[in-house]
Amino acid sequence: MASNEAGQVGVGLVATALHVALAAVAVDAQERTARAPLSASAPRTADTGVITGIVRSAVGRATGSSDGLPLRGATVLAIDAPREPVSSNASGRFVIGDLRAGGRRLLVTAMGYAPQRLAVTVRPGETTHVEIALHRTAIELAGVTVSATAAGRDPLAVAQPVTSLGGRDLERSLGATLTQTLSWTSGVTARSQGPAATMPVIRGLTGERIVVLQDGQRAGDLAASASDHGVTVDPLAAREVEIVRGPAALLHGSAALGGVVNVLSDDIARTVPGTRLSSLTFNGQSASEGGGALLDVSQPLGATLVLRVKGGGRRHGDQGVGSGDARGALANTSMRNRNASIALTRLGERSLAGLALRGYDFEYGLPWRNVAADGVRLRGARQEASARFEREGRAPFARLRLDAGRQSYAHDEVTAAGVVATALGVRSTQAQLLARTRPAGWLRDGALGASFLHRGNDVAGPAALTPPNANRTFALFAYQDVAPFGDGEGARFPVAVRFERATVRSDASEAFGPAVERRFSNVSASAGVSVPVARGASLAVNVARATRVPSPEELYSRAGHAGTGAFETGNPALESERSRGVDLVVRIERPALRVQLAGWASAIDGWIGLYPTGRDTTIAAAGGGTKSLPLHVIAQRNARLRGAEATVEGALTPSLVVHASGDLLWAGERRGGALPFMPPARLGGGARWDDGRWQVGGAIRRLFAQPRVASGEMAVRGATLLEGHAGVRVIGGANVHTVLLRGENLGDLLYRDATSRIKDFAPAAGRNVSLLYRVTF
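To convert, note that position 224 of the sequence shown is 208 in our numbering; the numbers rise steadily by one, no gaps.
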């Protein structure tokens, strides 16, 4: 249990730092004043200029409002400029300095408002002022996309399917885990072994084929390595979640054959707020009785420093199931976590430096057929230090950014008899240097970069699945956006390439034999085109070739796995998975309409899977004696996947929105067999009334049957689920109160998730009523 105790100490240290920081905030509270309006920066050279402006809420019949008030926190992106987006201050003002003279285009977004794209002429050596009026909308239109490319981009110009979940959309989706929060997003489902042991599934791919990031850095846990592990990021910490589908997100690693999930929590600040910003959020639910809370405080310390502190936790009981199951709930599925973070950021006129410390500890159980004999609970913690440094560069580089992180993660898998069957510990170091290039001729947004990742895995205990091991990856990558038709609204051609050198090594041990080392060198690449076809509409095509190096678990496993209840045998001779894929995306973004349609196909040569043999093997039990486990082997086959996704939202009136979404997937081996645990086709739709203060809505979702399953896997019947929500947002002085009541599976239907590893004895959650309360002050 030493790893768990160390984790408790680590979280305690972060919590102490949180307490000290809050005390400093209290002392500084008397000095809080609204920041003076931003001043325009002088142009640095004779061929550059400055854009200043004010963002307001529009006045007129189209808005349903006539306030014309300044909007704080609006995001302003200078498209085709190699710089980060800026935010408006309390007076609605913003400044974008040192812009190359000529025609520039701005993308302006704010939560609850329709995005606006406008053309601005920058004159050399001068300051250009613009007034921007945003119209209210009940549709959550996408903002700036940051995870798919090397820079913030207009979503209409991104060649890959991207979904941003933020604002009221995120509030209406919020669950007890990150995976639960995303599970009804088009193209995204959930891998689960109980309510806490979850991982997103994107287009049927999960585990090591998905990269989960927090503010652009890998989460540093073991969620991808096995189905009994969970993601250690609480959804209450998210301001926004971006999901990039497909293998083209090469900036974050070619292993992301399925896609990337980036949780944007903004611990390291990008702007200095005009005054202290605080929020307190409570979230409770009935299916797994309990809830969570999070306190979030951002405090400016002078004109250039920002202190941000967060602290919270959650606790839930066993998960209830639908009517018709005599158990009522799945035993041993309770969960809890505690999390805290503290970050300090210094923002200069042309630079940024920030440091964030995070702590997260947890405990949860895994459902079993016979919990008394086989029940397992996982107890562990993660500590992390993350740093970011940015500054303007010299030609040919416009901006340099260095991200670095050091993480320590450990958990114990404890049997019902109190024996630590497996103790896992991971120490990881990661760093990425990104250099944004200046536009030149046809070359627009561009970046060169290098990244490094080292993970050392300590494995101990009588049920250790692998020997101690380590993996190290070094990568070089480049991204370039080509615009042969100028800075206007012509076609864009994004191209990316990544070279990786990876080493995976196991240590010598008595149980697993001599040390084994494997080395891999891989090249991945993608190319696409994004073409505007009408106002607020685009068509994009992207092709990609990506690779994934086998994980240590896939190479070196040879033991009974306490978490999954099977004896798993790896294969040290595995080769890299090689994926070839194509995406076709249609996007429409207008004040009253949002559409994203995607069709895709992917071929993965050397697909690595865990396959049942149909035989059992006898092993020594952790508490003494022996027990029989099903024998699973890891092998490579060739796989083919193809599918389609659709999301449509339309405003019939300024407050009444109808929406529909769906996805379907066909996945199988080249020789004809089905791939295991693939999601079924889904279709849903509904309507909501949202006037900015009140909201009420309902939806119906259809999960189609999944009869096409792998050998030994349980087929799943279809299910129709009902859900609804109602809420209100009240402004009282400087405080904003949000209350949202939501119901899922209102018919309390007993059904099973096709992607669940334990669906044969563990059905999905029954009726769930959740309550969200948030106050900002």
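Glycine included, each C-beta is placed from N, C-alpha and C at the ideal position.
For residue i, collect the residues of the same chain with a Cβ closer than 6 Å to its Cβ; drop the 5 residues on either side in sequence, then sort them by chain order.
i, result
"Ala407", "Ser(-13), Asp396, Ala444 and Gly445"
"Val195", "His236, Gly237, Ala240 and Val244"
"Ser740", "Ser176"
"Thr704", "Arg686"
"Ala644", "Val632 and Gly669"
"Val714", "His721"
"Ile588", "Glu561, Ser563 and Ala623"
"Phe745", "Arg353"
"Thr602", "Thr610 and Ser612"
"Thr255", "Ser71"
"Arg456", "His438 and Thr487"
Comparing alpha-carbon positions, which option in the options lies nearest residue i?
i, options, result
"Gln99", "Ala42, Glu68, Ser75 and Asp82", "Correcting the residue type first, residue 99 is Pro in the shown sequence and not Gln. The candidate whose alpha carbon is nearest that of Pro99 is Ala42."
"Gly57", "Ala65, Thr259, His236 and Gly243", "Thr259"
"Arg621", "Thr610, Pro660 and Gly646", "Pro660"
"Thr487", "Ser514, Gly554, Pro536 and Thr169", "Pro536"
"Ile123", "Ala65, Ser148, Ala459 and Val410", "Ser148"
"Phe381", "Arg428, Gly343 and Gly364", "Arg428"
"Val515", "Val507, Ser508 and Asn526", "Asn526"
"Trp584", "Val398, Leu437, Gly627 and Ala576", "Gly627"
"Ser170", "Val693, Arg701 and Ala665", "Ala665"
"Ala710", "Val60, Gly81 and Arg156", "Arg156"
What number of angstroms, rounded off, separates the C-alpha of residue i from the C-alpha of residue j?
i, j, result
"Arg672", "Val723", "16 Å"
"Pro498", "Ala557", "15 Å"
"Arg361", "Ser176", "15 Å"
"Arg16", "Thr637", "No answer about Arg16 holds up, because its pLDDT of 38 lies below 50 and its placement is not dependable."
"Leu140", "Ala475", "11 Å"
"Pro452", "Ser490", "6 Å"
"Val545", "Pro614", "Correcting the residue type first, residue 545 is His in the shown sequence and not Val. Going from the Cα of His545 to the Cα of Pro614 covers about 10 Å."
"Leu22", "Glu110", "Reliability fails at Leu22, whose pLDDT of 41 lies under 50, so the model's placement of it is uncertain and the value that follows must be treated cautiously. Rounded to the nearest angstrom, the two C-alpha atoms are 17 Å apart."
"Val172", "Ser435", "28 Å"
"Ser754", "Arg411", "36 Å"
"Ala550", "Ser211", "12 Å"
"Glu629", "Gln580", "8 Å"
"Gly332", "Pro423", "24 Å"
"Ala419", "Val114", "30 Å"
"Ala117", "Gly430", "31 Å"
"Ala74", "Ala221", "23 Å"
"Arg841", "Ala518", "There is simply no residue 841 to check, as the chain begins at -15 and stops at 761 in what is shown."
"Ala448", "Ala405", "7 Å"
"Arg45", "Gly520", "Note that Arg45 scores a pLDDT of 42, beneath 50, so its modelled location is shaky; the value from the coordinates is reported in the next line. Cα-Cα distance, rounded: 22 Å."
"Thr463", "Phe477", "Checking the sequence, you will find Tyr at residue 463 rather than Thr. If you take the alpha carbons of Tyr463 and Phe477, they lie about 11 Å apart."
"Arg701", "Pro691", "7 Å"
"Gln414", "Arg390", "7 Å"
"Thr182", "Thr59", "33 Å"
Start and end of the beta strand (DSSP E) containing residue i?
i, result
"Glu707", "Ala703 to Gly716"
"Tyr735", "Run containing Tyr735: none; DSSP gives neither H nor E here."
"Arg677", "No beta strand (DSSP E) contains Arg677, which DSSP labels as neither H nor E."
"Pro596", "Leu577 to Ala604"
"Leu649", "Leu640 to Glu653"
"Glu633", "Thr610 to Ala635"
Assuming residue i contacts residue j (C-beta within less than 8 Å), just tell me the rounded distance between them.
i, j, result
"Ala271", "Gly681", "Not quite, the Cβ-Cβ distance comes to about 20 Å (not below 8 Å), so this is no contact."
"Gly87", "Ala103", "6 Å"
"Gly151", "Gly676", "About 12 Å; that fails the 8 Å criterion."
"Gln416", "Gly433", "6 Å"
"Arg229", "Leu649", "Wrong, their Cβ atoms sit about 12 Å apart, outside the cutoff."
"Ser392", "Gln367", "5 Å"
"Leu314", "Gly214", "Between Gly214 and Leu314 the Cβ distance is about 15 Å, and since that is not below 8 Å, they are no contact."
"Pro108", "Ala85", "4 Å"
"Ala604", "Leu625", "With a Cβ gap of about 39 Å, Ala604 and Leu625 do not count as contacting."
"Trp426", "Val466", "5 Å"
"Gly409", "Asp442", "4 Å"
Starting from residue i, follow the alpha helix (DSSP H) in both directions and report where the run begins and ends.
i, result
"Ser157", "Gly151 to Ser157"
"Glu115", "Segment Thr111 to Leu118 is the beta strand (DSSP E) holding Glu115; no alpha helix (DSSP H) there."
"Pro663", "Per DSSP, Pro663 belongs to no alpha helix (DSSP H) and is neither H nor E."
"Thr163", "Leu162 to Leu166"
"Glu559", "Note, Glu559: premise wrong, no alpha helix (DSSP H); not H, not E."
"Tyr540", "Pro536 to Tyr540"
Near residue i, what residues of its chain come up, given a Cβ to Cβ distance below 7 Å and the 5 sequence neighbours on each side ignored?
i, result
"Arg599", "Leu615"
"Ser639", "Gly48, Ala122, Trp673, Asp674 and Asp675"
Using a C-beta cutoff of 8 Å, does residue i count as contacting chain C?
i, result
"Arg56", "Here chain C cannot be found, since the structure has a single protein chain."
Note down, in chain order, each residue of its chain lying with its Cβ closer than 8 Å to the Cβ of residue i, except the 5 sequence neighbours on either side.
i, result
"Val9", "In this predicted model, Val9 has a pLDDT of only 39, less than 50, meaning its place in the structure is not dependable enough to derive any value."
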